[in-house]
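Engineer: Taken in sequence, the protein lines are chains A and B. All you need for the working numbering is the position in the first sequence, starting with 1, plus 166. All you need for the working numbering is the position in the second sequence, starting with 1, plus 166. Have a look at the structure that comes next, please.
There are 2 protein chains.
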Amino acid sequence: MKISIIGTGRVATHLALAFYKAGITIVEIFGRTPEKAQILAQKVNASPISNIAQMSQADIFICSVKDDALETLLQKSNFKNSLVVHTAGSLDMDILQNFSENIGVFYPLQTFSFEKEINWENTPLFIEANSDKNLKELTKLANKISKKVTVCSSENRRNIHISAVFVCNFANHMYAIGEKLMQDANLSFDMLLPLINETSKKVNTVSPKLAQTGPAVRYDRNVIDKHLAALSNEPNLQEIYQLLTENIHKFVTE
Amino acid sequence: MKISIIGTGRVATHLALAFYKAGITIVEIFGRTPEKAQILAQKVNASPISNIAQMSQADIFICSVKDDALETLLQKSNFKNSLVVHTAGSLDMDILQNFSENIGVFYPLQTFSFEKEINWENTPLFIEANSDKNLKELTKLANKISKKVTVCSSENRRNIHISAVFVCNFANHMYAIGEKLMQDANLSFDMLLPLINETSKKVNTVSPKLAQTGPAVRYDRNVIDKHLAALSNEPNLQEIYQLLTENIHKFVTE
């Protein structure tokens, strides 16, 4: 099984490294910026390429570029009906149907940073394809890097993506707000780490609905009003505090 | 050093167990509900008591009850100028000055559930007292259970508490929303756990501001609008999605 990767961003990079580590041949790495393509290609023993029309044959082309750049980029491609997949959470599979007869999706549910390695074995992969044959092929590929492979429709994938935005992107924003508030008080963010770690660890064994603690769940107006007053110079944070407090109260009383 | 504990809730319970484990003598456990006092007292070899006026002597009385119940409860107390402390994040120390000449605060920065043990050694404790002698006494007590003891003013303690609400209570609420959205789509919340764990693990080494990923930080209107449309039946979640997306965008462009 030979694959080629279109993209040099975080997801493309982590995927390329995972496939390479799993012994899969990577033919080419496409990147609009030749230097970026070269750096990644070198890491996975592939050829760098910066003209998508000239990509040579591979069994599977994996497109991992920004959602809104994908279609424009693929207009110039010539995949000759090889299997073409994208890795996006909220793009329908059908967006690919103008570019090949064999299409699919290969969506890893994870947060990727350049600085940090990923535990791929433990990372859920949601796959979709437009035929049994293509699905079989994608399943084979997915099983080589993860133990958590699930077939999933475009609609459900979007639902998973929205959930991921809340538990990952928005949870991280809560950390960023905590960091800002600690910095404003000349305190170290590191002091919050045992609490952050315990909070996430807990939901591995207890439902987050049951794990909820704090003034909002007790609806302790005394504390809530003190906190809102202390945030009076930060109207955005005050608004977030108010909205999330109301919603926690709503969730636990439902 | 002999201590007595006022309260039988989550913080009181975890503190009592930690002190007992550290070899500190616990004289009495006060609880308005005699059964609750009895259960906890039995676990830490103390006497249960349900009349606060009749509490016998201890070196330190630790009050761990709901913020708005504290003052009313202490009206009936008779601590004879023993050291009296509370464990609340957002109550000034001075609230105790009507009840003893020796007062202080002993605030653990952690989330407590009855079901789950705490790593006390790693839990930051923020202490405050109204004299050097009292501060020394509290420091001695705090050092017996934690390696992270910091002296902290009432104002800074409130700032820490607000930060904790964001990184713990509100982050957990993001998990609870993710759980609800997955359940609504007949998907298992457990699929989100590798992502949740990676997201929290990452901020142990990378600043959350730099660790931010997702459609909001890229300001990918295409994805954002799809997600907002998909949440049209959940106006509260839609509002939270919108507000947090705007704020992430604001944070990273500042």
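Don't be surprised by glycine CBs; every beta carbon is placed ideally from N, CA and C.
(1) Skipping 5 residues on each side, what residues in its chain have a beta carbon closer than 6 Å to that of ASP164 of chain B?
(2) Along chain A, in chain order, which residues have C-beta atoms closer than 9 Å to that of THR419 of chain B?
(3) Is it buried or exposed for GLU420 of chain B, if we count other Cβ within 10 angstroms and need 16 for buried?
(4) Does the beta carbon of VAL271 of chain B come closer than 8 Å to any beta carbon on chain A?
(5) Using 8 Å as the cut-off, can you tell me whether the region 369-381 of chain B makes contact with the region 295-304 of chain A, which would need three or more C-beta pairs spanning the two stretches below that distance?
(6) Quick check: the Cα distance between MET175 of chain A and CYS229 of chain A, rounded to an integer number of angstroms?
(7) What is the rounded straight-line gap between the Cα of ILE414 of chain B and the Cα of GLU345 of chain A?
(8) Quick one: which residues of the region 332-345 of chain A get their C-beta closer than 9 Å to a C-beta of chain B? List them in chain order.
(9) Give a yes or no on whether the minimum CB-CB distance between SER366 of chain A and chain B is below 8 Å.
(10) Residue range of the alpha helix (DSSP H) that TYR341 of chain A falls in?
(11) Would you mind listing the alpha helix (DSSP H) stretches within the region 341-419 of chain A that are 4+ residues and don't spill past its ends, in chain order?
(12) Identify whether PHE245 of chain A lies in helix, strand or coil by the three-state DSSP scheme.
(13) With DSSP collapsed to three states, give me the class of PHE278 of chain A.
(14) Less than 6 Å between C-beta atoms, sequence neighbours within five positions excluded: which residues of the same chain meet that for THR365 of chain A?
(15) So, using beta-carbon positions, are MET357 of chain A and PRO290 of chain B closer together than 8 Å?
(16) How many Å lie between THR238 of chain B and ILE406 of chain B at the Cα?
(17) Take THR199 of chain B as the anchor and find which of B:ILE190, B:VAL231, B:THR191, B:ALA182 has the nearest alpha-carbon.
(18) Quick one: is PRO401 of chain A buried, meaning 16 or more other Cβ sit within 10 Å of its Cβ, or exposed?
(19) For the beta strand (DSSP E) containing VAL231 of chain B, name the first residue and the last one.
(20) Nearest CA to the CA of ASN211 of chain B: which residue from B:SER222, B:GLN223, B:LEU183?
(21) Relative to the C-alpha of VAL389 of chain A, which candidate in B:GLN404, B:LEU249, B:ARG324 has its C-alpha closest?
(22) GLY197 of chain B touches chain A at which residues, Cβ-Cβ below 9 Å?
(23) Which residues of chain A have a Cβ atom closer than 7 Å to the Cβ of GLU281 of chain B, listed in chain order?
(24) Measure from the alpha carbon of SER327 of chain A to the alpha carbon of each residue in B:PHE355, B:PHE292, B:ALA337, then state which is nearest.
(25) Check the DSSP bridge columns for GLY189 of chain B and list the partner residues they point to.
(26) At the level of alpha carbons, what is the spacing between MET348 of chain A and ALA330 of chain B?
(27) Does any residue of chain B bring its CB to less than 8 Å from the CB of LYS299 of chain A?
(28) Under 8 Å, Cβ to Cβ, is there at least one residue of chain A near HIS180 of chain B?
(29) Drop a sphere of 10 angstroms on the beta-carbon of ALA203 of chain A, count the other beta-carbons inside from all chains shown, and report buried for 16 or more, exposed for fewer.
Structural biologist: Looking at the coordinates:
(1) Outside the displayed range of chain B (167 to 420) lies residue 164 of chain B, so it cannot be described from this structure.
(2) The premise fails here: THR419 of chain B is roughly 13 Å from chain A at the closest Cβ pair, so nothing lies under 9 Å.
(3) Result: exposed.
(4) no
(5) no
(6) Note that residue 175 of chain A is Gly in the sequence shown, not Met. Roughly 11 Å between the two C-alpha positions.
(7) 13 Å
(8) Within the region 332-345 of chain A, contact with chain B at the beta-carbon level (separation under 9 Å) is assigned to PHE332, VAL333, CYS334, ASN335, PHE336, ALA337, ASN338, HIS339, MET340, TYR341, ALA342, ILE343, GLY344, GLU345.
(9) yes
(10) Note, TYR341 of chain A: alpha helix (DSSP H), 337-350.
(11) 359-368, 374-377, 381-384, 387-396, 401-419
(12) PHE245 of chain A: coil per DSSP, three-state reduction.
(13) coil
(14) none
(15) yes
(16) 37 Å
(17) B:VAL231
(18) Its Cβ having fewer than 16 others within 10 Å, PRO401 of chain A is exposed.
(19) Looking at the DSSP string, VAL231 of chain B is not in any beta strand (DSSP E), and its letter there is neither H nor E.
(20) B:LEU183
(21) B:ARG324
(22) Simply none; closest approach about 18 Å.
(23) VAL372
(24) Per the sequence shown, the amino acid found at residue 327 of chain A is His instead of Ser. The shortest Cα separation from HIS327 of chain A among B:PHE355, B:PHE292, B:ALA337 belongs to B:PHE355.
(25) DSSP lists no partner for GLY189 of chain B.
(26) 10 Å
(27) no
(28) So no, HIS180 of chain B is outside the interface.
(29) buried
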